[in-house]
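Novice: One structure follows; several queries about it will come next.
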Amino acid sequence: MSSPPIHWYPGHIAKSERQLKHHLDKIDLIIEVRDARIPLATGHPHINRWLKGKQHLLVINRCDMVTTAAREAWERWFRARGQRAVWCDAKAGAGVKRVQQTAIRAGNQLNERRRNRKMRPRPVRALALGFPNVGKSTLINRLAKQKVVASARRAGVTRTLRWVRLGRELDLLDAPGILPPYLDDQQAALYLALCDDIGQAAYDGELVARAFLQLLIGSQKRDASGITISVLETRYGIPVAEKTRDPAYWLQAAAARHTSGNTTRMAQRLLDDFRKSALGSIALELPELRGA
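Every letter in the sequence shown is one number past the one before it in this note's numbering, and letter 285, counting from 1, is 379.
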């Protein structure tokens, strides 16, 4: 990805991260939510600072947006590292019950220790943590079976910390999406931009769209990724021939056909189509692709 670099650390994230430190002593379980299309890029590099011996539940959301082969590859990768992941589609509700059951089991272990110390049981206190727009608030609303927190398909909707009571067994702290102050891995930053998991002010949409096209062309032979160039060609009517393998040229040709030559609008259309799975189920990250 060419310059300028992608960085986004608005004031509400910095403020929330400071506030988060005051709540950590009350937390029993951290529910870390990641994006199935980019499960490494949406893993916070400082997660261990917040865990500090607390129980950790890894939830990989948007499982409907990747291929079965990609999901299986990541499941093997996480298991090999001793990490169990719960996959879900919070928007549709698939897998949400398993998330809740796993969190409650963590509470059972907590309350067993409390009973052994002659203390009364209490709800497990969980923190929902993750990058912006990975679906934390949608997951919380599903767990609550009603809309208790604001959610939308864009980064930066949740701006303050808020406790939510989920029945008698689980209290959940909803936190804004937390990004590191600096994104040292610009390949990961590109993935965040592509998946809309970072504010749009952080990047140039046309440059990101070109990088996306280059990525599609380079990864099309990896079946698990779900990338099929014919879908791109059919949807926009622009073949990926030798000349149009140049992303800038392809974008110009598509813009001439669809957006009156406006490449900025065409870039946004391409990104929006990817984000709503109009180009199929596409995993941008696979274990072997990221050198994991």
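All residues carry an ideal CB built from backbone N, CA and C; glycine is no exception. All values derive from a computational prediction rather than experimental measurement.
1) Do L373 and M360 have their beta-carbon atoms positioned less than 7 Å apart in this structure?
2) Going by Cα to Cα distance, which pick from L152, I198, W181 and A220 is closest to L441?
3) Inspect the beta-carbon positions of P217 and D265 and report whether they are closer than 7 Å.
4) By Cβ distance, which residues of its chain are closer than 8 Å to C182, with the 5 residues on each side in sequence left out?
5) What does the Cβ neighbour count give for K230, buried or exposed, with the cut at 16 atoms within 10 Å?
6) Can you tell me whether I124 is helix, strand or coil according to DSSP?
7) Ordered along the chain, which non-local residues of its own chain (more than five positions away) have a Cβ less than 7 Å from that of W168?
8) Determine whether the beta carbon atoms of D290 and R363 lie at a separation below 7 Å.
9) Considering only C-alpha positions, which residue in the set H150, T353, K185 and T162 is nearest to G176?
10) Residues in its own chain within less than 8 Å of P215 by CB, not counting five upstream and five downstream?
11) Use the C-beta contact count for E300: other C-beta atoms within 10 angstroms, 16 or more gives buried, fewer gives exposed.
12) Inspect the beta-carbon positions of L365 and A303 and report whether they are closer than 7 Å.
13) Judging by CA-CA distance, which residue of R211, I121 and A283 is the nearest neighbour of G201?
14) Is the CB-CB distance between A305 and R131 below 7 Å?
15) Comparing C-alpha positions only, which one of I292, G312 and E263 sits nearest to R199?
16) In whole angstroms, give me the CA-to-CA distance for V242 and V258.
17) Alpha carbons only, please: which of Q203, A283, M159 and L145 is nearest the one belonging to I100?
Specialist: Reading off the structure:
1) Locating residue 360 in the sequence shown gives position 266, counting from the first residue. Locating residue 373 in the sequence shown gives position 279, counting from the first residue. Cβ atoms of M360 and L373: not closer than 7 Å.
2) Here the chain covers residues 95 to 386 and nothing more, so residue 441 does not appear.
3) Within the sequence shown, the letter at position 123 stands for residue 217. Within the sequence shown, the letter at position 171 stands for residue 265. With contacts defined by Cβ atoms closer than 7 Å, P217 and D265 form a contacting pair.
4) Within the sequence shown, numbered from 1, the residue matching residue 182 stands at position 88. Only V153, I154, N155, C157, A188, G189, V190, R192, V193 and L233 meet the Cβ criterion.
5) The sequence position of residue 230 within the sequence shown is 136, counting from 1. Burial call: buried.
6) Residue 124 sits at position 30 when you count from the first residue of the sequence shown. The DSSP-derived three-state label of I124 is strand.
7) In the sequence shown, residue 168 corresponds to position 74, counting from 1. If we look at W168 and ignore the five residues flanking it on each side, its Cβ neighbours are P133 and P381.
8) Locating residue 290 in the sequence shown gives position 196, where the first residue counts as 1. Locating residue 363 in the sequence shown gives position 269, where the first residue counts as 1. Between D290 and R363, the gap from beta carbon to beta carbon reaches 7 Å or more.
9) Numbered from 1 along the sequence shown, position 82 holds the residue referred to as residue 176. Nearest C-alpha to G176: H150.
10) Residue mapping note: residue 215 aligns to position 121 of the sequence shown, counting from 1. If we look at P215 and ignore the five residues flanking it on each side, its Cβ neighbours are N205, R208 and R209.
11) The residue you call residue 300 lines up with position 206 of the sequence shown. Buried, by the Cβ-count rule.
12) Translated into positions along the sequence shown, residue 365 becomes position 271. Translated into positions along the sequence shown, residue 303 becomes position 209. Judged by beta-carbon spacing, A303 lies within the 7 Å limit of L365, meaning their Cβ atoms are closer than that value.
13) As a working note, residue 201 is residue 107 in the sequence shown. Cα-wise, what sits closest to G201 is I121.
14) As a position in the sequence shown, residue 305 is number 211, starting the count at 1. As a position in the sequence shown, residue 131 is number 37, starting the count at 1. No; because the gap between Cβ atoms is not below 7 Å, this pair is not in contact.
15) Stepping through the sequence shown from its first residue, residue 199 is reached at position 105. Considering only alpha carbons, the answer is E263.
16) Reading the sequence shown from its first residue, position 148 is the one you call residue 242. Reading the sequence shown from its first residue, position 164 is the one you call residue 258. Near 8 Å, if we compare the C-alpha coordinates of V258 and V242.
17) The residue you call residue 100 lines up with position 6 of the sequence shown. In terms of Cα proximity to I100, the closest of Q203, A283, M159 and L145 is A283.
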